[in-house]
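Following the numbering used here, the residues of the sequence shown are numbered contiguously, the last one being 459. Okay, so here's the structure we're looking at.
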Amino acid sequence: MAIKKIFTYPEPVLRQEARPITVFDEALKQLAADMGETMYDAPGVGLAANQIGVLKQIVVVDISKDEEKKEFIALVNPLISKGEGCVAGEEGCLSVLEYEAKVERFQKIHVEALDLDGKPLSFDAEDRFARIIQHEVDHLRGTLFIDHLSTLKRNLYKRKLKKILKARQ
Ligand code: NI
Numbered sequence: 291m292a293i294k295k296i297f298t299y300p301e302p303v304l305r306q307e308a309r310p311i312t313v314f315d316e317a318l319k320q321l322a323a324d325m326g327e328t329m330y331d332a333p334g335v336g337l338a339a340n341q342i343g344v345l346k347q348i349v350v351v352d353i354s355k356d357e358e359k360k361e362f363i364a365l366v367n368p369l370i371s372k373g374e375g376c377v378a379g380e381e382g383c384l385s386v387l388e389y390e391a392k393v394e395r396f397q398k399i400h401v402e403a404l405d406l407d408g409k410p411l412s413f414d415a416e417d418r419f420a421r422i423i424q425h426e427v428d429h430l431r432g433t434l435f436i437d438h439l440s441t442l443k444r445n446l447y448k449r450k451l452k453k454i455l456k457a458r459q
């Protein structure tokens, strides 16, 4: 296992579309393991492959019931086939430095995906779990949570980011 570098906005790889996965081998399991380790190291509750510079349709999402036992699922080629309700909730992103904002998402979704062996998964997700999946699936399409904000808010963030990056030089 290895902790990977997480790319941050405005890195171009975050804007690219990830390609569907067709090979279910050891390398894919290794990628998922690395993504899980990278996510928990950050720490975060979800991670999409684009964020570590890999343009493949795979995301990992934390499903831990308690702090002691970390557990995550990997979703390959995930698709949100249904969505209902609309809730606003605070979001942040490991690829968006020092920023959180309220984003509207479906309250409940239906997810179709494959597991690491290529077996179909089909399930409903609600609330926080649904929010994380929507956020991560967005990443695979090159979309960031700041794209869901008003132009005004996004521009404010861009200005703030410039200052943050300048201070880090
Ligand atoms: Ni994110």
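Glycine included, each C-beta is placed from N, C-alpha and C at the ideal position. All figures in this text were calculated on a predicted structure; none of them were measured in a lab.
By the Cβ-count criterion, Asp-324 is buried, with 16 or more other Cβ atoms from all chains shown falling within 10 Å of its own Cβ. Exclusion of Ala-364 from the 8 Å shell around the ligand NI follows from its C-beta lying no nearer than that to any non-hydrogen atom of the ligand. Put simply, the backbone Cα of Ile-363 is about 11 Å away from that of Val-335. Each of Leu-304, Ile-296 and Ile-293 was checked against the Cα of Thr-433, and the nearest Cα belongs to Leu-304. CA-to-CA, the gap between Gln-347 and Lys-453 works out to about 33 Å.
Under the DSSP assignment, Phe-297 falls outside any alpha helix (DSSP H); it carries neither an H nor an E label. With a cut-off of 8 Å, the C-beta of Gly-336 is classified as near the ligand NI, since at least one heavy atom of the ligand falls inside that distance. By the neighbour-count criterion, in which 16 or more other beta carbons inside 10 Å mark a residue as buried, Asp-437 falls on the exposed side. Around the CB of Ala-391, 16 or more other CB atoms lie within 10 Å, so the residue is classed as buried. In this structure, the CA atom of Asp-315 is about 8 Å from the CA atom of Asp-407. Excluding five sequence positions before and after Glu-416, the CB atoms of its chain that fall closer than 7 Å to its own CB belong to Gln-397 and Lys-398, given in chain order.
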